[in-house]
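Novice: I am attaching a structure below and will ask some questions about it afterwards.
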Amino acid sequence: MKEVISRFSILPLTDDVEWLANEYTRYGAVPETYPEDAYHIAIAVINNLDFLLSWNFKHIVRRKTRDIVKMINTLNRFRQIEIMTP
Numbered sequence: 092m093k094e095v096i097s098r099f100s101i102l103p104l105t106d107d108v109e110w111l112a113n114e115y116t117r118y119g120a121v122p123e124t125y126p127e128d129a130y131h132i133a134i135a136v137i138n139n140l141d142f143l144l145s146w147n148f149k150h151i152v153r154r155k156t157r158d159i160v161k162m163i164n165t166l167n168r169f170r171q172i173e174i175m176t177p
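Residue numbers (the numbering used here): 92 to 177.
Below you can see the structure in the form of structure tokens.
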């Protein structure tokens, strides 16, 4: 198991990620009381991932979050990400 896990990269928490996560909470994509969910999305976007897979229907995989993330990413010229369940 350790061998399999060692092949995965850990994506960094950068200033850009922090800024984008704050934008997501500021505009209501994710509640301010759950900043880790905003960071989850922001890390994926900043690292140019195509998809974000999650079972978190409460804060991540919901229409409101996807719509606001799309709006913020468009306004700030970030690449769009597809948020969905596995």
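Idealized CB from N, CA, C, for every residue including glycine.
By the DSSP assignment, the alpha helix (DSSP H) with Leu166 in it spans what residues?
Specialist: Here the alpha helix (DSSP H) through Leu166 covers 154 to 166.
Novice: How is Ile101 classed by DSSP in three states: helix, strand or coil?
Specialist: Here Ile101 sits in coil by DSSP.
Novice: Give me the residue from Met92, Thr176, Asn113, Leu104 with the minimum Cα distance to Asn164.
Specialist: Closest by alpha carbon: Asn113.
Novice: Would you report the Cα separation of His150 and Val160, rounded to the nearest angstrom?
Specialist: Cα to Cα, the separation comes out at about 12 Å.
Novice: Measure the alpha-carbon distance for Leu166 versus Lys93 and round it to whole angstroms.
Specialist: About 41 Å.
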